[in-house]
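Novice: A single structure is presented below for examination.
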Amino acid sequence: MAGERPGILQYRRRLRPDRRRTVVTVVTADHVVEVDLERSLVEDPRSGHNRWHPGIAPIMTIRPGEVVRVDLRDGLDHQITRASTDRDILDMDMLRGHPLSGPFLVEGARAGDLVEIEILSIEHHGFGFTCVRPGAGLLAAHVPGPFLATWELAEGRATSPQIPGVTVPADPFLGIVGVAPSPERMREYAAREEALARPGGAVLPPTQQSAIPLDAGIASVGLRTVPPRENGGNLDAKYLRAGSRLLVLAQVDGALVSLGDAHYAQGHGEVCSQAIEMSATVEFTCRVRPRDAQSWRPTMPVILSAPAPAPQRRLVTTGIPVEADGTNRSMDLNVAALNALLAMQDYLTSERGLSAEQAYALSSVAVDLEILEIVNGANVLVGAAVDLTIFDDDRDGVARPTGRGTDDARR
Numbered sequence: 003m004a005g006e007r008p009g010i011l012q013y014r015r016r017l018r019p020d021r022r023r024t025v026v027t028v029v030t031a032d033h034v035v036e037v038d039l040e041r042s043l044v045e046d047p048r049s050g051h052n053r054w055h056p057g058i059a060p061i062m063t064i065r066p067g068e069v070v071r072v073d074l075r076d077g078l079d080h081q082i083t084r085a086s087t088d089r090d091i092l093d094m095d096m097l098r099g100h101p102l103s104g105p106f107l108v109e110g111a112r113a114g115d116l117v118e119i120e121i122l123s124i125e126h127h128g129f130g131f132t133c134v135r136p137g138a139g140l141l142a143a144h145v146p147g148p149f150l151a152t153w154e155l156a157e158g159r160a161t162s163p164q165i166p167g168v169t170v171p172a173d174p175f176l177g178i179v180g181v182a183p184s185p186e187r188m189r190e191y192a193a194r195e196e197a198l199a200r201p202g203g204a205v206l207p208p209t210q211q212s213a214i215p216l217d218a219g220i221a222s223v224g225l226r227t228v229p230p231r232e233n234g235g236n237l238d239a240k241y242l243r244a245g246s247r248l249l250v251l252a253q254v255d256g257a258l259v260s261l262g263d264a265h266y267a268q269g270h271g272e273v274c275s276q277a278i279e280m281s282a283t284v285e286f287t288c289r290v291r292p293r294d295a296q297s298w299r300p301t302m303p304v305i306l307s308a309p310a311p312a313p314q315r316r317l318v319t320t321g322i323p324v325e326a327d328g329t330n331r332s333m334d335l336n337v338a339a340l341n342a343l344l345a346m347q348d349y350l351t352s353e354r355g356l357s358a359e360q361a362y363a364l365s366s367v368a369v370d371l372e373i374l375e376i377v378n379g380a381n382v383l384v385g386a387a388v389d390l391t392i393f394d395d396d397r398d399g400v401a402r403p404t405g406r407g408t409d410d411a412r413r
């Protein structure tokens with residue numbers, strides 16, 4: 003365990019019973035990593051990191067197959083609590099995201115090996131939140147914010163006093179699972195993102211401000227954790243629930259696995275840029291598939307997903323790539339997704355009586371954006387799907403008309 007950071011966290015072997023787990027089993031953890039979740043990473047900078055860099059020292063060495071139980075801070079680093087208000091969103095330091103637990107050095111893993119990271123269990127701590135930040139997400143030009151929904155998490159569901167009449171079922175997963183980039187790949191990623199930024203692309207460049215670790219040699223060039231990349235990272239794919247596995251190529255010896263950004267529930271797309279964010283305690287294990295033994299070596303992360311909760315009745319709005327002025331953008335999935343989401347926003351405000359901010363936050367945690375069709379001539383088709391059983395009134399999605407030709411008229 004040479005080169006690891008001593009005296010940072012508490013590590014010990016012990017058996018812990020389940021509490022609020024998605025998968026109800028008792029797992030013997032070979033290692034336990036406890037983090038003070040009432041303190042932020044900036045207050046306790048030795049307990050994790052918020053940048054990707056191969057020079058970050060591992061906090062622990064683990065053998066393939068060993069089970070690790072580890073605490074994860076929420077993705078905004080404890081800046082939102084039950085006492086927070088809408089105005090607090092304006093004061094958040096977004097450069098603090100995402101606080102990750104790790105890195106974990108996987109014994110025997112070599113650069114080029116395929117590392118399999120299995121999520122065994124995800125345990126919430128009773129509280130979650132969703133922020134609508136001004137200028138954030140797919141509807142940034144349509145919903146001003148700020149708006150904060152806080153969620154109570156209990157008995158497999160989430161409820162919020164800021165979005166009454168809605169109950170969101172639990173489907174917890176990890177937003178970030180990844181390995182350290184190699185020095186060569188880190189420079190490659192930084193160069194291509196810098197090239198994207200020059201014409202005004204949406205890029206978050208390296209910055210030393212609020213970076214952890216504090217070492218200037220790492221903080222000044224470490225990659226931000228926001229975009230997904232070949233090393234994994236911020237996939238925000240709800241397929242990474244308990245029982246799922248992530249396959250990712252190790253770029254450095256030991257792989258240096260890190261995890262964070264736990265979510266209680268999220269719609270595909272995370273359209274306002276946040277899910278039901280939460281701190282969590284998770285258990286995971288790693289396996290190594292040697293490079294020479296692989297006939298298939300995927301260059302991007304691959305998820306082997308555990309079964310999803312049973313599907314329910316859904317209302318699906320649709321969008322095609324046509325701008326408001328009538329310009330047809332043909333294969334532009336972004337325009338089609340925006341139109342599908344605007345149609346969902348109209349449904350939630352007109353039919354369900356939500357405010358624009360409530361609808362936007364709810365869409366981010368409970369509406370799935372889906373590519374419905376991508377080959378039919380001039381227009382792709384994107385859907386925005388909401389599970390109608392989340393609404394407490396339990397009625398059909400659209401009010402039934404009355405008059406001639408309806409069931410009411412026939413009666």
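Per my numbering, residue 3 is the first one in the sequence shown, and the count goes up by one each step. In this text, a Cβ means the ideal position worked out from N, Cα and C, and glycines have one as well. Here the structure is a predicted model, which means the values were calculated and not measured.
Under 9 angstroms, do M62 and H33 count as touching if we go by C-beta distance?
Specialist: In this structure, H33 lies closer than 9 angstroms to M62 by Cβ.
Novice: Would you mind giving the Cβ-Cβ distance between E109 and R65, rounded to the nearest angstrom? I have them listed as a contact below 8 angstroms.
Specialist: Confirmed, about 5 angstroms.
Novice: Compute the beta-carbon to beta-carbon distance between L248 and I305, rounded to the nearest angstrom, for a pair I have assumed lies under 8 angstroms.
Specialist: The pair is a contact, with the Cβ atoms about 6 angstroms apart (cut-off 8 angstroms).
Novice: Just the C-alpha distance for G245 and L258, rounded to the nearest angstrom, thanks.
Specialist: Rounded to whole angstroms, G245 to L258 spans 21 angstroms at the Cα level.
Novice: Check whether the region 140 to 153 and the region 270 to 282 touch, using three or more Cβ-Cβ pairs below 8 angstroms as the test.
Specialist: Enough Cβ pairs lie closer than 8 angstroms, so yes.
Novice: Only counting the same chain, and skipping five residues up and downstream in sequence, which positions put a Cβ closer than 6 angstroms to that of Q211?
Specialist: L97.
Novice: Counting only the same chain and skipping the five closest in sequence on each side, list residues whose C-beta sits under 6 angstroms from that of V377.
Specialist: Taken in chain order, the list of residues that qualify is empty.
Novice: Can you tell me which residues form a DSSP beta bridge with I91?
Specialist: Paired residues: none, contrary to the question.
Novice: Please state the DSSP three-state secondary structure of T417.
Specialist: Past the boundaries of the shown model lies residue 417; the chain is included only from 3 to 413, so the question cannot be answered.
Novice: Evaluate E196 with the Cβ neighbour count: other Cβ atoms within 10 Å of its Cβ, from every protein chain shown; 16 or more gives buried, anything less gives exposed.
Specialist: The residue in question, E196, is exposed, as its Cβ has fewer than 16 Cβ neighbours within 10 Å.
Novice: Where does A339 sit, in a helix, a strand or coil, going by DSSP?
Specialist: Note: A339 maps to helix in three-state DSSP.
Novice: Can you give the Cα-Cα distance for N236 and E125, rounded to whole angstroms?
Specialist: Taking the straight line from one Cα to the other gives about 20 angstroms.
Novice: Hey, F149 and S86: beta-carbon distance below 9 angstroms or not?
Specialist: Contact: no.
Novice: Ends of the beta strand (DSSP E) at L371?
Specialist: From DSSP, the beta strand (DSSP E) with L371 extends over V369 to E375.
Novice: Should A368 and A218 be called a contact, given that it needs their Cβ atoms to be closer than 9 angstroms?
Specialist: Cβ atoms of A368 and A218: not closer than 9 angstroms.
Novice: Let me know the alpha helix (DSSP H) ranges lying completely inside the region 200 to 231, each 4 residues or longer, listed in chain order.
Specialist: You should have 218 to 221.
Novice: Any contact of the region 275 to 294 with the region 70 to 89, i.e. 3+ C-beta pairs under 8 angstroms?
Specialist: Output reads yes: the region 70 to 89 touches the region 275 to 294.
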